[in-house]
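Engineer: First to last, the sequence lines map onto chains A and B. For the first sequence, our numbering gives the first residue as 609, with consecutive numbering after it. For the second sequence, our numbering gives the first residue as 3, with consecutive numbering after it. Have a look at the structure that comes next, please.
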Amino acid sequence: MSDITAGIPRKEPAIIQWLKAFALIRESIVGMIGAGIVIFWVSVAILADVLAPFPPNSTLRPLAFPGQELVLPAGQKLANQPVEDICAQIYENKSPTSTYNCGTFWLGTDHIGRDILSRIIYGSRTVLFYAPLATLAAYIVGIVMGLAAGYLRGWADDVLSFVSNVILSFPVLVLYVIIIATVGASGLNIVIAIVFASAPGIMRIVRGLVLDLRNREYVFAAQTRGEGIWRIMLVEILPNARGPLIVDSCVRIGYVTITIGVLGFLGLGLPPPDPDWGGMINETRQMAMTFPHMTVFPCFAISSLVLGFNLLADGLREVSLRD
Amino acid sequence: MLLFIVRRIGTMILTMIVVSILLFLTLEFNSENVAVKVLGPYSSPESRAIWLEDHGYNDALPVRYGRWLGNFIVGDFGESIRFKTPVAKVLLPRLKNTAILAGVTLAIVTVLGLTFGILAGMNEGSMLDRVISITSIITTSIPEFASAVLLTAIFVFYLDLLPGTSGMTDGFDPIQLVLPVMVLVLYDFGYVARMTRASMAEVMMTHYIRTAVLKGLPYKTVILRHALRNALIAPFTVIMLQINWLLSGVIVVEFFYAYKGFGALLLEASLNQDIFLIEACAMVAVFVAVATQTISDLGYTYLNPRIRFS
């Protein structure tokens, strides 16, 4: 027995297979740039507490331009701490009170005096929490629907395909606006709306892949062994559909990022005051003519993150087409 | 072919009916809620009861839906709560404005997307191909609201060339259309270009193109007479489906530039819970989306001889 199986490599756990498919990205320059941008933003989100020079929601000095410094007299408080404790003293002669430099507004402040850089840094947490969460949830629903439709066929396929056609016939943003306006804006509702609107698209892709894979020999072998349908779908079929799904998930996470931004921009996003990039643009766009820094920097932030995901997807597609 | 057309149109009508049922249930299932939205949160329970009675909301749900659908088909969408006028009267001028915006955008997207896509796909892997591909990835990565901010900052704030809003308060002014169109084109043309490129690159690899080149036809003839005919079938579908995306895009752009169009109206209706207006807008949006999808399916079948003659 051992002689026969000796030459066959051991089957790796599913998670390693998926990671290996993902690791192929290192063969594509474009993909590596994309991965770099995404990793940059993920690190920013993780290290937000260390990187942000100011608390994101405290109002410090309205309408400061980029590069201005926050100079406070002694006795004032910053983030509930006396400035004496946390800021550098700059001069103490002329006036009875000494003055402290508490840092620079590298990107300026918004109309109510919150530091733009700190809000962008903390805003990356918001978007990098909700975008992957919503995409993952949409994938779970979409994969289950797609597997059921593609493998079971019959009425399950008809019903699921029709339902997804109906949902996909809505222009996406129209759907989001109606859903969010009806159920109200909250993090959970945004995730639900995104799942509702994206799962049918994922289902179509999975269904197409399954229709091809279900006639492979290893599926027949599994059926002959008497494996259950869910085991066949999840263990035999799904891992072999991973290539296109990984590419699609990168594109989709970019779209979801845009969606979260658009909802924030339209005033349908996460409730204030916690920073999210789209909301920052919406709050300050009336002043964009006079204080462009308030809106332009969040725009760069969200565009660069989406670009990262898209380049990553493009790199993965390039790599997967190569062999 | 005829059977196919009939079936596609049948599916389209069925989809519209299901959408209308979903929409009706979402917005009007709870009739008490409808009365609150129409009469305001401070209306008395008595007046709500009278309003519900007067407008037939005490009938059974299917009866109400049937009547609603009947009115809808003859163009009676009810009265807008916010504008206090019949919905159709608000909706039609807005639709006209959006048709202008979307029409101009689509025309430019088609020209730019096809040109760049064909140029890139003709010489796959060339410098031009790389530049066009990267450019289209970058432009599709910038969300419409971000490019609106950036373009406004450049053309209105720094260069002072264009107006920053497109309210069209003193009649129609084409100059005010420039920025909204630019934003939409920038976001949308990349996708068309990429799809055209892929289709063109695929055709350029086929044997019949190689044959055409090898038998000594001028390169121009090979491209124009042999390659394009097949390469443009897929982009046709992509461009038709782009209309669905445009309907999303116009919401953002019209909101940003205060353009009095359909997208801004839908957003305003949703934010103000103007249910009859939401229903009308949503149905119009879905109708446009489903109709273009049907046309693109039929067109694809017609254009592709392999499907047409089988």
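Think of the CB as a built atom: it goes at the ideal place given N, C-alpha and C, for glycine as much as any other residue. Just so it is clear, the structure is predicted and the values come from calculations on it, not from any experiment.
Go through the stretch 852-924 of chain A residue by residue and report every complete run of the alpha helix (DSSP H) that reaches 4 residues or more, in order.
Structural biologist: As far as the stretch 852-924 of chain A is concerned, its whole alpha helix (DSSP H) runs of at least 4 residues are 885-892.
Engineer: For B/THR17, return the contacting residues in chain A, with the cut-off set at a CB-CB distance below 7 Å.
Structural biologist: Within the second sequence, the letter at position 15 stands for residue 17 of chain B. Near B/THR17 (Cβ distances below 7 Å), the residues of chain A are ASN773, VAL774 and SER777.
Engineer: What's the call for B/ALA2, buried or exposed, on a 16-neighbour Cβ count within 10 Å?
Structural biologist: No information on residue 2 of chain B is available, as it lies outside the stretch 3 to 312 that chain B covers here.
Engineer: Is DSSP giving B/ASN1 helix, strand or coil here?
Structural biologist: In this structure chain B extends from 3 to 312, so residue 1 of chain B is not present and cannot be described.
Engineer: Using a C-beta to C-beta distance shorter than 7 Å, which residues of chain B count as neighbours of A/CYS907?
Structural biologist: Taking the first residue of the first sequence as position 1, residue 907 of chain A is located at position 299. ALA148, VAL151 and LEU152, listed in chain order.
Engineer: Note down, in chain order, every chain B residue with its Cβ under 7 Å from the Cβ of A/THR734.
Structural biologist: As a first step, residue 734 of chain A must be located in the first sequence, where it is residue number 126. Within chain B, no residue comes near A/THR734; the closest Cβ sits about 15 Å away, beyond 7 Å.
Engineer: What's the call for A/GLN684, buried or exposed, on a 16-neighbour Cβ count within 10 Å?
Structural biologist: Counting from one through the first sequence, the residue named residue 684 of chain A turns up at place 76. Burial call: exposed.
Engineer: Could you tell me whether the Cβ atoms of A/GLY758 and A/GLY711 are closer together than 9 Å?
Structural biologist: Numbered from 1 along the first sequence, position 150 holds the residue referred to as residue 758 of chain A. Numbered from 1 along the first sequence, position 103 holds the residue referred to as residue 711 of chain A. Not closer than 9 Å, so no.
Engineer: Give the range of the alpha helix (DSSP H) segment to which A/GLY589 is assigned.
Structural biologist: No information on residue 589 of chain A is available, as it lies outside the stretch 609 to 931 that chain A covers here.
Engineer: Between which two residues does the beta strand (DSSP E) holding B/PRO165 run?
Structural biologist: Translated into positions along the second sequence, residue 165 of chain B becomes position 163. B/PRO165 -> no beta strand (DSSP E), and no H or E assigned at all.
Engineer: Can you give me the C-alpha to C-alpha distance between A/GLY869 and A/VAL904, rounded to a whole angstrom?
Structural biologist: In the first sequence, the residue the question calls residue 869 of chain A occupies position 261. In the first sequence, the residue the question calls residue 904 of chain A occupies position 296. So the alpha carbons of these two residues sit roughly 14 Å apart.
Engineer: Taking the straight line between their C-alpha atoms, what separation do you get for A/TRP714 and B/MET129?
Structural biologist: Numbered from 1 along the first sequence, position 106 holds the residue referred to as residue 714 of chain A. Numbered from 1 along the second sequence, position 127 holds the residue referred to as residue 129 of chain B. A/TRP714 and B/MET129: Cα-Cα distance of roughly 38 Å.
Engineer: Give me the Cβ distance between A/VAL650 and B/PRO145, rounded to the nearest whole Å; I'm assuming they're in contact under 8 Å.
Structural biologist: In the first sequence, counting from the first residue as 1, residue 650 of chain A sits at position 42. In the second sequence, counting from the first residue as 1, residue 145 of chain B sits at position 143. Going by Cβ atoms, the distance from A/VAL650 to B/PRO145 rounds to 20 Å, so no, they are not a contact pair.
Engineer: Taking DSSP as the reference, what is the three-state secondary structure of B/ILE144?
Structural biologist: Here residue 144 of chain B refers to the residue found at position 142 when the second sequence is read from its first residue. Three-state result, B/ILE144: coil.
Engineer: To which residues of the same chain is B/ALA214 closer than 7 Å at the C-beta, ignoring the five residues directly before and after it?
Structural biologist: Here the question's residue 214 of chain B lines up with position 212 in the second sequence. Excluding residues within five positions, the ones whose Cβ falls inside 7 Å are VAL224 and HIS228.
Engineer: What's the C-alpha gap between A/GLY675 and A/LEU874?
Structural biologist: Residue 675 of chain A sits at position 67 when you count from the first residue of the first sequence. Residue 874 of chain A sits at position 266 when you count from the first residue of the first sequence. Distance between the alpha carbons of A/GLY675 and A/LEU874 is about 30 Å.
Engineer: Looking at the secondary structure, which residues open and close the beta strand (DSSP E) in which B/ASN246 lies?
Structural biologist: Within the second sequence, residue 246 of chain B is the residue found at index 244, counting from 1. Run containing B/ASN246: none in the beta strand (DSSP E); it sits in the alpha helix (DSSP H), 235-259.
Engineer: From what residue to what residue does the alpha helix (DSSP H) around B/PHE95 run?
Structural biologist: The residue labelled residue 95 of chain B in the question sits at position 93 within the second sequence. Correcting the residue type first, residue 95 of chain B is Pro in the shown sequence and not Phe. It spans 89-124 - the alpha helix (DSSP H) in which B/PRO95 sits, taken as one unbroken run.
Engineer: Give me the residue from A/SER912, A/ALA921 and A/VAL782 with the minimum Cα distance to B/LEU269.
Structural biologist: Residue 269 of chain B sits at position 267 when you count from the first residue of the second sequence. The shortest Cα separation from B/LEU269 among A/SER912, A/ALA921 and A/VAL782 belongs to A/VAL782.
Engineer: Have a look at A/ARG893 and A/ASP766 and give me their C-alpha separation to the nearest angstrom.
Structural biologist: Mapped onto the first sequence, residue 893 of chain A falls at position 285. Mapped onto the first sequence, residue 766 of chain A falls at position 158. Those two C-alpha atoms are separated by around 46 Å.
Engineer: Quick check: the Cα distance between B/ILE110 and B/THR141, rounded to an integer number of angstroms?
Structural biologist: Numbered from its first residue, the second sequence carries residue 110 of chain B at position 108. Numbered from its first residue, the second sequence carries residue 141 of chain B at position 139. Rounded to the nearest angstrom, the two C-alpha atoms are 15 Å apart.
Engineer: Look at B/VAL255 and B/LEU93 and say whether their C-beta atoms are less than 9 Å apart.
Structural biologist: Numbered from its first residue, the second sequence carries residue 255 of chain B at position 253. Numbered from its first residue, the second sequence carries residue 93 of chain B at position 91. Cβ distance not < 9 Å, so B/VAL255 and B/LEU93 don't count as in contact.
Engineer: Go through its chain and collect everything with a Cβ distance to B/ASN274's Cβ below 8 Å, but skip five positions before and after it.
Structural biologist: By 1-based counting over the second sequence, the position of residue 274 of chain B is 272. Result list for B/ASN274: ILE83 and ARG84, in chain order.
Engineer: On a Cα-Cα basis, can you pick out the residue from A/ALA909, A/VAL927, A/ALA896 and A/PHE917 that is closest to B/THR154?
Structural biologist: Locating residue 154 of chain B in the second sequence gives position 152, counting from the first residue. The shortest C-alpha separation from B/THR154 is found at A/ALA896.
Engineer: Based on Cα-Cα distance, which residue from A/SER777, A/GLY795, A/ALA656 and A/PHE770 lies nearest to A/LEU725?
Structural biologist: Position 117 of the first sequence, counted from the first residue, corresponds to residue 725 of chain A. Here the closest residue by C-alpha is A/ALA656.
Engineer: Below 9 Å between beta carbons is the criterion; list the residues of the stretch 152-168 of chain B that meet it against any residue of chain A, in chain order.
Structural biologist: Here the close residues are LEU152, THR154, ALA155, VAL158, PHE159, TYR160 and GLY166.
Engineer: Quick check on the DSSP output: what are the complete alpha helix (DSSP H) runs of length 4 or more inside the stretch 52-76 of chain B, in order along the chain?
Structural biologist: Runs found: 63-75.
Engineer: Taking the alpha carbon of B/TYR259 as the reference point, which residue from B/ASP299, B/PHE147 and B/VAL194 has its own alpha carbon closest?
Structural biologist: Position 257 of the second sequence holds residue 259 of chain B. Answer by Cα proximity: B/PHE147.
Engineer: Figure out for me which residue from A/ALA629, A/PHE804 and A/PHE648 has the closest Cα to the Cα of A/GLY916.
Structural biologist: For the purposes of this step, residue 916 of chain A is taken as the residue at position 308 of the first sequence. Considering only alpha carbons, the answer is A/PHE648.
Engineer: At 4 residues or longer, and completely inside the stretch 281-310 of chain B: list those alpha helix (DSSP H) runs for me, N to C.
Structural biologist: Whole alpha helix (DSSP H) segments, 4+ residues: 307-310.
Engineer: Please return the same chain residues whose Cβ sits closer than 8 Å to the Cβ of B/LEU103, not counting the five positions on each side in sequence.
Structural biologist: Start at 1 with the first residue of the second sequence, and residue 103 of chain B comes out as number 101. Around B/LEU103: LEU179, PRO182, VAL183, LEU186, VAL252, VAL255, GLU256, TYR261 and GLY263.
Engineer: Do the stretch 730-740 of chain A and the stretch 772-790 of chain A meet, that is, are 3 or more Cβ pairs less than 8 Å apart?
Structural biologist: Contact between the stretch 730-740 of chain A and the stretch 772-790 of chain A is absent, because fewer than three Cβ pairs lie under 8 Å.
Engineer: Out of B/ASN306, B/THR167 and B/ASP190, which one is the CA nearest neighbour of B/LEU243?
Structural biologist: As a first step, residue 243 of chain B is located in the second sequence; it is residue number 241 there, counting from the start. Nearest C-alpha to B/LEU243: B/ASP190.
Engineer: State the DSSP-derived secondary structure class of A/ASN709, mapped to helix, strand or coil.
Structural biologist: Here the question's residue 709 of chain A lines up with position 101 in the first sequence. Strand, per DSSP.
Engineer: Considering only residues of the same chain and omitting the five flanking positions on each side of A/LEU768, which have a CB-CB separation below 6 Å?
Structural biologist: Here the question's residue 768 of chain A lines up with position 160 in the first sequence. Once the five neighbours on either side are set aside, the close Cβ partners of A/LEU768 are MET753 and ALA757.
Engineer: Under the rule that 16 or more other beta-carbon atoms within 10 Å means buried, what is B/GLU281, buried or exposed?
Structural biologist: Taking the first residue of the second sequence as position 1, residue 281 of chain B is located at position 279. Result: buried.
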